[in-house]
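What follows is one structure encoded as structure tokens, with my remarks underneath.
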Amino acid sequence: MTQTPVTPPPAVRNIEFKAVLLLILLAVLVGASALYVMYARGVFDETQQLVLQADDSEGVFVGMDMTFSGFPIGRVRRIELAPGGGAHILLDVPRKDAHLLTESSVFTLTRGLVGGSNLRAFTGVPTDPPLPDGAERKVLIGDATAEIPRLVADARELMKNLTTLTGENSALATSLANLQATTDQLKGPRGALGVLMGNEANAQKLIGALDRTNALLAKVDSIAAKTDVQVFGKAGVMPEARAAVEQLNSALNEARTSLKKIDGILTDAQAVANNAKMATNDLGTLRAEIDTSLRKVEGMIDQLNRRWPFSRQPEIKLP
Amino acid sequence: MYVRLINSADVLVLFRSAVAALITPHARRPPALPVGSVFKSTARPYHCPMSSTSPSHVPASVRGGALLQWFTGWWQIVHLGALILVLALSPSTYERATRATLAREVYQASAPILLWFLVLSSLISLVIIRIVVVTALSYGLSRYSLQMVVRVLVLELIPLTTALFVALRVAIPNAAEIAALRVSGEFDALTKQGIDPLRQEVLPRMMAGMFSVLMLAAVSCVVTLVLAYLTVHGFTTAALGSYTRAVGHVFAPVVILILTLKTFLFSLAVALIPIATVAYESRAAWLRMSAELQGLVRLFSVILLIEMASLVGNYY
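Chains as they are written, first to last, in our numbering: chain A, 1 to 319; chain B, 320 to 635.
Laid out in structure tokens, this is it:
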């Protein structure tokens, strides 16, 4: 490098003023950024405090949001160890959002397998009285990772069972060996029959039985053919049966006619019976009249007896 | 007399030489002058014999001397930094003549490069924002993309890029100017006139370097935040609330403190180390250009350390 004296750079007009402008610009930028960050961190928000009690504060960090319907309405300000164990999570809730939280609100802390934890608030009854400043509430913890140990234990047990199942002397291995032997037998000369019967003699017997069954079926076929002729042939049973049925129909028609006649006779007999009933009623009346007449005659005879002195004085004899 | 020594091509040459010095284990280093010899151009003859011995064969006394030299070099930087800070905080420094020089240096260190650095950083930010957002979306993690963008760009990349940029564009040329003034005897002349060269020439350049880092970093961070919002949500004001909340999540008090400290330390390192290195080097050493290289290496080391410390503070 060579040093070459050069003339000074051309003078800039109002350079002091421009330098001051640059300084002001820097101050404004830094100041505005500081104000923006303070606003972003909620320094200017009027807040109320909420204390959440949790068994452990794992996954919770200072500055974390508490959401309500997916919208952040509070920010964790501090996490401290509770005197009796557990954790106290102190939140700042802006006053403008505090009305969303009521006495009956529920707070949950969920930890996912991926990503951070989530602090959520749920309000079932919006008409309940609003949550007071400094309220303490329990937080319900739903932990997906807590399931992992149980899952691992189950998986280990499953693997153990699988290992037992697929071991050298396990039932599955024995079954597979037997299946292999069976497959070998199936591929052998006796095939499936050999597998089913176990030895060749039984297989031969089965084949003989099948042959005899075939012969029997042939006989049954011939018998069926003969039966067909006997039953459905021209001189078979069926035509005669049909004729018999026709005769039976005609006999039934005659019987129906006879029954109709009997019905008429019975109707007449019913009329006669009615007449006899009426006559019987008249006989009752007549008898009543006769009874009346006889009482009158008896009364008259009594009067005659009283008035007629010829009557013999009755005597009463004591034994 | 005003001496302009370095142009862009020279910076490139310096940078290449710095890389060569980094990968060469036996860069010949001149012995540093004692602390009391600040800005005295008494060139001490320097004869460093060429040696072909490997480091393991270097005698213990020589190694001890190198260690002492290393400590001395850093002590000189710290000493000059303390002097400059004291001067910067003294109201008597800001008299009319110094104020004019200060204004000129501040303006020339920031205004000419502000616009195109802004364009450059915006382009890079846009590309990185797009990459982060699309990648996060493809993994189903889009809710974290905004925070990731703000963390990666505003907290980490922009301050670092700004520091490196100002180091190459402003601090190294300033250091070269100081070295040239010193070599040309300008400092002696000023001292004879009763003017403190430290206050008259060094302080304005250092403060200009610091201001340049802070200014560029602040503007770029704000522009990047706006670009991140526009890239993720588009031209709408509907998402301002959620965006503000996400930004609020990132900028926890500790993070803000670390960012502020980091940017300030970056600016201090960028402004101080190159100038301090050339200020204490001998004339013969400066003529071999080793002072700027040494300053560049020291600057990069310090920037790396600050960045590592900030990462540890933020994420451990």
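The beta carbon of each residue, even a glycine, is placed where N, CA and C say it ideally should be. As the structure is a prediction and not an experimental result, all values here were calculated from the model.
Distance between residue j and residue i (C-alpha atoms, nearest Å)
i      : j      : result
Q204/A : G188/A : 15 Å
R307/A : E298/A : 14 Å
G31/A  : L22/A  : 14 Å
R323/A : T127/A : Residue 323/A is absent from the structure shown; chain A starts at 1 and stops at 319.
P572/B : V37/A  : 10 Å
T123/A : L109/A : 15 Å
Q512/B : L578/B : 43 Å
A565/B : P129/A : 32 Å
L390/B : Y413/B : Note on residue identity: the sequence assigns Phe, not Leu, to residue 390/B. Going from the Cα of F390/B to the Cα of Y413/B covers about 33 Å.
M369/B : P431/B : Note that M369/B scores a pLDDT of 34, beneath 50, so its modelled location is shaky; the value from the coordinates is reported in the next line. So the two alpha carbons sit approximately 44 Å from each other.
L434/B : V538/B : 10 Å
T213/A : F232/A : 27 Å
F329/A : L50/A  : The requested residue 329/A is not part of the displayed model; chain A covers only 1 to 319.
I301/A : D291/A : 15 Å
P353/B : P410/B : Any reading at P353/B must be qualified, since the residue scores a pLDDT of 37, below 50, and its modelled position is unreliable; the value itself is stated next. C-alpha separation (whole angstroms): 29 Å.
R423/B : S461/B : 47 Å
L304/A : R295/A : 14 Å
V338/B : V616/B : Confidence at V338/B is low in this model, with a pLDDT of 44, below 50, so its placement is unreliable and the value that follows should be read with caution. Spanning the two alpha carbons is a distance of roughly 8 Å.
K261/A : A269/A : 12 Å
L172/A : E157/A : 18 Å
F436/B : Q427/B : 14 Å
L248/A : V220/A : 34 Å
H366/B : L387/B : Low local confidence applies: a pLDDT of 34 at H366/B is under 50, so the model's placement there is unreliable, with the coordinate-based value given in what follows. Looking at the two C-alpha atoms, the distance is approximately 18 Å.
S175/A : T163/A : 16 Å
S457/B : S33/A  : 32 Å
R348/B : G42/A  : Note that R348/B has pLDDT 39, beneath the 50 cutoff, so the model's placement of it is unreliable and the number below is only indicative. Computed Cα separation, rounded: 55 Å.
Within 7 Å, strictly: CB atoms of residue i and residue j
i      : j      : result
L131/A : L101/A : yes
G70/A  : V93/A  : no
G198/A : Q185/A : no
G528/B : A590/B : yes
A153/A : G567/B : no
V569/B : V469/B : yes
T420/B : P523/B : yes
M66/A  : L90/A  : no
I396/B : I592/B : yes
V473/B : T543/B : yes
V489/B : S531/B : yes
S429/B : M534/B : yes
T550/B : I477/B : no
G63/A  : S117/A : no
E46/A  : R95/A  : yes
V541/B : L113/A : no
I79/A  : S57/A  : yes
I594/B : A494/B : yes
I625/B : L587/B : no
F107/A : A121/A : yes
A536/B : T582/B : yes
V451/B : S464/B : yes
Presumed contact (8 Å Cβ cut-off) between residue i and residue j, rounded CB distance
i      : j      : result
A98/A  : Q53/A  : That pair is no contact at about 19 Å.
A19/A  : V425/B : 5 Å
R518/B : A598/B : Wrong, their Cβ atoms sit about 14 Å apart, outside the cutoff.
I141/A : D55/A  : 6 Å
G236/A : V229/A : 7 Å
I491/B : V521/B : I491/B to V521/B, Cβ: 15 Å. No contact.
*Would the region 432-445 of chain B and the region 626-634 of chain B be scored as touching if the rule is three or more Cβ pairs under 8 Å?*
no
For the region 532-563 of chain B, which residues have a beta carbon sitting closer than 8 Å to at least one beta carbon of chain A? L533, M534, A537, V538, C540, V541 and T563
Quick one: which residues of the region 13-38 of chain A get their C-beta closer than 7 Å to a C-beta of chain B? List them in chain order. I15, E16, K18, A19, L22, L26, L29, V30, S33 and V37
Chain A contacts made by the region 431-445 of chain B, where a contact means CB separation under 7 Å: none
query: Using a beta-carbon distance cut-off of less than 8 Å, what residues from the region 38-54 of chain A approach chain B?
result: Y39, A40, R41 and G42
**Message:** Tell me which residues of the region 58-75 of chain A have at least one Cβ-Cβ distance to chain B shorter than 8 Å, keeping chain order.
**Reply:** V62, G63, D65 and P72
* Asked: Going along the region 412-426 of chain B in order, which residues come within less than 8 Å of chain A, judged by CB to CB distance?
  -> R418, A419, L421, A422, R423, V425 and Y426
**Report entry** Interface residues of the region 563-577 of chain B facing chain A [CB-CB below 7 Å]
**Finding:** T563, R564, V566, G567, H568, F570, A571 and I575
| said: If the cut-off is 9 Å on Cβ atoms, which residues from the region 464-475 of chain B count as contacting chain A, listed in chain order? | reply: none
Problem set entry | Against chain A: residues of the region 610-631 of chain B by CB proximity under 9 Å | E611
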